[in-house]
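Visitor: Those sequence lines, one after another, are chains A and B.
Per my numbering, residue -14 is the first one in the first sequence, and the count goes up by one each step.
Per my numbering, residue 59 is the first one in the second sequence, and the count goes up by one each step.
For every residue, glycine included, the Cβ atom is placed at its ideal position computed from N, Cα and C.
These numbers were taken from a predicted model, which means no experiment stands behind them.
Below is one structure. I have some questions about it.
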Amino acid sequence: MPGFGLTMGVTLLYLAVIVVIPLAAMLLKTTSLGLEDFWRIISSGRAQAAYWLTFSSAAVAALFNSVFGLLLAWVLVRYEFPGKRLIDALVDLPFALPTAVAGLALVTLFAPEGWYGQYLEPLGIKVSYAQLGIIVAMIFTSIPFVVRTIQPVLEDVPEDVEEAARTLGATRWQIFSRVIFPLILPAFTAGSVLCFARAIGEYGAVVFIAGNLPGLTEIVSLLIVIRLEELNYPATAALATVLLAVAFSALLVTNLIQAWQLRYADKSR
Amino acid sequence: MQTNPADASRAGSPTRPGRAGWGLIALTYVSSALILAMPLVLIVTMAFRNGLDAYLANILAPDTLHAIFLTVLTAIVVVPINIVFGVCAAWLVTRYDFPGKRLLITIIEIPFSISPIVAGVIYLFLYGGQGLLGPVLADNGIKIMFTVWAIFLVSLFVTSPFVARELIPLMQQQGGEDEEAALSLGANGFQIFWNVTLPNIKWALLYGALLCNARVIGEFGAVSVVSGAIRGQTNTLPLQIELLFNDFNVSGAFAAASTLAALAVLTIVLKAALERVGATGRR
């Protein structure tokens, strides 16, 4: 097949200029810090508070979306009902809608006099400029991951295994929890990890709804931006490297899960 | 040639829901309305709350108009480049075997998993005053950081995997038999691509380009790090929304946001249409 030299040349050149060299430039900056400085920066109290806030918020968002995503995927695959196509299309909205637009809409909805805030505020539930706001922003921007990873797997669940379980007297809940859920478990886990990873990196929507209150709503991305504005480049590089490492770990985990899923699919055949 | 994921070996076809089913559907209606639809309704309501004239005045404000122009310009520059890259990369990894292929695929996917702020930061450490190449370029009178060039570059980075990610699974699934046949009939490389490969992948290509475009237009974090957000110069539309919001110009912010929201709705409509013709190679 012709074109090997051309496509190899274009791909390698482009990846080098756009992806590899910029990444290497930052890692070079980080390694020039020395291990001691690096550790001092990434283990500072303020950084630890930011990790805790970011990771706990992302975990709650991922948990919410794994339940909500499972519900949406199940309903969209299993039932015929009016408005199904509309809801199926709406699931993609968080990916298509720019995060700044989502953030603007969310902060206005949850403002004390906003459409949602006016009911939540009297109950003492504060969303904007609080951790709950961060979680709301993370939930909205990562909704599609779990739905879209489960949907194709759920569509492929063979009817005969369900039939077999039914003829053996299994209840609907037993069929779901013992037969169907194990089949979609790898996809479900992969979707949740993707959701968690996306939530950790989310910035646009979060700064709108949570502002930038040091110690209170300071997620890791925001701390990086603050260090950058202080022209504190070593801290910027070190903290960005931490986020990069988290992103790579998430990528590795999802790849391992995908391999697991493939093995699973082969066995069930 | 196209395989539609919707009708390929689907065993459990949708059924009329029972009582429990209607319960779940009701829950889906309510939660989708509250979580997904309400933000859209709010944007339209807020954008037009002072009437059409005020809306148009907000859109036509010089800084907002310039931000729209810059955002459209960025998409016009970035999307075609990433289409070319995506096609080359997909052709390379699906038509040949070579050592290091898996590593290459991983590198192609890297930008997808990097958070926007980090994407901006890595470019800062390459082209910024403290960066690897920044000082050398500055000595030669070339400035990239805080100009539109930085916006183009970081947008290229963020969206580089989009087209390739749609094409690779599809082209893998299709195999290279059609191309082999064309080759044996004496077609050259470009003829094979244009007459054989392209018709097979055109919907998936459009699909990838659509997702790439949506992300370029909406990118916020990465662009905010490298653009410097200079009013009327390097402010893209998402940055302009933040600026208007911080200026307490809520109507202006929502007017600007409504244009992006309209594009987002158009994107999901086109995406749904492309999925119906079987554009996705992923299952």
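Return the residue from the list B:Gly186, B:Leu100, B:Trp261 that minimises the CA-CA distance to Leu213 of chain A.
Guide: Per the Cα distances, B:Gly186.
Visitor: Which residues of chain B have a Cβ atom closer than 9 Å to the Cβ of Lys111 of chain A, listed in chain order?
Guide: Neighbours of Lys111 of chain A on chain B: none; closest Cβ ~19 Å, over 9 Å.
Visitor: Can you name the start and end residues of the alpha helix (DSSP H) that Tyr181 of chain B belongs to?
Guide: 174 to 185 is the extent of the alpha helix (DSSP H) around Tyr181 of chain B.
Visitor: Between A:Ala115, A:Met(-7), A:Arg70, A:Gly54, which has its C-alpha nearest Gly158 of chain B's C-alpha?
Guide: Residue A:Met(-7) is the option with its Cα nearest to Gly158 of chain B.
Visitor: Thinking Gly(-10) of chain A and Gly88 of chain A are a contact (beta carbons under 8 Å), I'd like their distance in whole angstroms, please.
Guide: With a Cβ gap of about 46 Å, Gly(-10) of chain A and Gly88 of chain A do not count as contacting.
Visitor: What span of residues does the alpha helix (DSSP H) with Ile126 of chain B cover, start to end?
Guide: Here the alpha helix (DSSP H) through Ile126 of chain B covers 120 to 153.
Visitor: Look up Tyr188 of chain A in the DSSP assignment and say whether it is helix, strand or coil.
Guide: Coil, per DSSP.
Visitor: Counting only Cβ-Cβ distances shorter than 8 Å, please list the residues of the region 165 to 194 of chain B near chain A, keeping chain order.
Guide: Against chain A - using a Cβ distance shorter than 8 Å - the residues of the region 165 to 194 of chain B are Ile165, Ile166, Glu167, Ile168, Pro169, Ser171, Ile172, Ser173, Pro174, Ile175, Val176, Val179, Ile180, Tyr181, Leu182, Phe183, Leu184, Gln188, Gly189, Leu190, Leu191.
Visitor: Using a 10 Å radius around the Cβ and a threshold of 16 neighbouring Cβ atoms, would you call Gln246 of chain A buried or exposed?
Guide: That one is buried.
Visitor: Comparing C-alpha positions only, which one of A:Leu75, A:Arg70, A:Ala175, A:Gly200 sits nearest to Leu237 of chain A?
Guide: Comparing Cα-Cα distances from Leu237 of chain A to each of A:Leu75, A:Arg70, A:Ala175, A:Gly200, the minimum goes to A:Ala175.
Visitor: List, in order along the chain, the chain B residues whose C-beta lies closer than 9 Å to that of Trp245 of chain A?
Guide: By Cβ distance, chain B contributes nothing, its closest Cβ being about 16 Å from Trp245 of chain A, past 9 Å.
Visitor: Please state whether DSSP places Thr226 of chain A in a helix, a strand or coil.
Guide: In the structure shown, Thr226 of chain A sits in a helix (DSSP, three-state: H, G or I).
Visitor: Out of curiosity, what's the CA-to-CA distance linking Asn258 of chain B and Tyr154 of chain B?
Guide: Distance between the alpha carbons of Asn258 of chain B and Tyr154 of chain B: 18 Å.
Visitor: Residues in the same chain with beta-carbon distance under 6 Å from Phe181 of chain A, minus the five sequence neighbours each way, listed in chain order, please.
Guide: The residues are Ala43, Ala47.
Visitor: Report the rounded CA-to-CA distance for Ala272 of chain B versus Ser242 of chain B, giving the unit in angstroms.
Guide: For Ala272 of chain B and Ser242 of chain B, the distance between alpha carbons rounds to 40 Å.
Visitor: What does DSSP give as the partner residues of Tyr64 of chain A in its beta bridges?
Guide: Paired residue(s): B:Thr73.
Visitor: Could you give the DSSP three-state label for Ser206 of chain A: helix, strand or coil?
Guide: Of the three classes helix, strand and coil, the one that applies to Ser206 of chain A here is helix, per DSSP.
Visitor: So that I know if they touch, is there some Cβ in chain A lying closer than 8 Å to that of Leu301 of chain B?
Guide: So no, Leu301 of chain B is outside the interface.
Visitor: Taking only three categories from DSSP, how would you classify Thr292 of chain B?
Guide: Correct three-state label for Thr292 of chain B: coil.
Visitor: Once you ignore the five residues that flank Arg31 of chain A on each side, which residues in its own chain have a CB closer than 8 Å to its CB?
Guide: Here the set comprises Pro199, Gly200, Glu203, Leu208.
Visitor: Report yes or no: is there a C-beta of chain A within less than 8 Å of the C-beta of Trp149 of chain B?
Guide: So, interface residue.
Visitor: Given that a residue counts as buried once 16 or more other Cβ atoms are within 10 Å of its Cβ, and exposed if not, what is Gln231 of chain B?
Guide: The residue is exposed, with fewer than 16 neighbouring Cβ atoms inside 10 Å.
Visitor: Using only CA atoms, which one of B:Ile172, B:Gly144, B:Glu300 lies nearest to Pro7 of chain A?
Guide: Considering only alpha carbons, the answer is B:Ile172.
Visitor: Please go through the same chain and pick out, in chain order, the residues whose beta-carbon is closer than 6 Å to the beta-carbon of Val254 of chain B, but skip the five residues on each side of it.
Guide: Excluding sequence neighbours, Val254 of chain B sits near Asp236, Glu237, Ala240.
Visitor: With a threshold of 16 other CB atoms inside 10 Å of the CB of Arg183 of chain A, please say whether the residue is buried or exposed.
Guide: Under this definition Arg183 of chain A is a buried residue.
Visitor: To the nearest angstrom, report how far apart Ile211 of chain A and Leu229 of chain A are at their CA atoms.
Guide: Approximately 18 Å between the Cα atoms of the pair.
Visitor: Return the residues of the region 171 to 195 of chain A that lie within a Cβ-Cβ distance of less than 8 Å from chain B, sorted by chain order.
Guide: So the close ones are Ala182, Ile185, Gly186, Glu187, Tyr188, Gly189, Val192, Phe193.
Visitor: Please list, in chain order, the chain A residues whose beta carbon lies closer than 7 Å to that of Cys146 of chain B.
Guide: Simply Thr(-8), Val(-5), Thr(-4).
Visitor: In angstroms with no decimal places, state the Cα-to-Cα distance between Ile163 of chain B and Val151 of chain B.
Guide: In a straight line, the C-alpha of Ile163 of chain B is about 8 Å away from that of Val151 of chain B.
Visitor: Please report the residue range of the alpha helix (DSSP H) in which Ser162 of chain A lies.
Guide: Here Ser162 of chain A belongs to no alpha helix (DSSP H), and DSSP marks it neither H nor E.
Visitor: For the candidate residues B:Leu295, B:Val308, B:Val281, B:Leu184, whose alpha-carbon lies nearest to that of Thr103 of chain B?
Guide: Nearest C-alpha to Thr103 of chain B: B:Val308.
Visitor: I believe Ile93 of chain B touches Ala90 of chain A by the beta-carbon criterion, under 8 Å. Please report the beta-carbon distance rounded to the nearest angstrom.
Guide: At roughly 11 Å, the Cβ-Cβ gap does not stay under 8 Å, so Ile93 of chain B and Ala90 of chain A are not in contact.
Visitor: Ser17 of chain A: buried (16+ other C-beta within 10 angstroms of its C-beta) or exposed?
Guide: Burial call: exposed.
Visitor: Give a yes or no on whether 8 Å exceeds the smallest Cβ distance from Ser206 of chain A to chain B.
Guide: By this cut-off, Ser206 of chain A is an interface position.
Visitor: Can you give me the Cβ contacts of Phe170 of chain B inside the same chain, cut-off strictly under 6 Å, excluding the 5 residues immediately before and after it?
Guide: Cβ within range, chain order: Pro219.
Visitor: Kindly confirm or deny that the region 260 to 270 of chain B and the region 121 to 141 of chain B touch, where touching means at least three C-beta pairs closer than 8 Å.
Guide: Verdict: yes, contact present.
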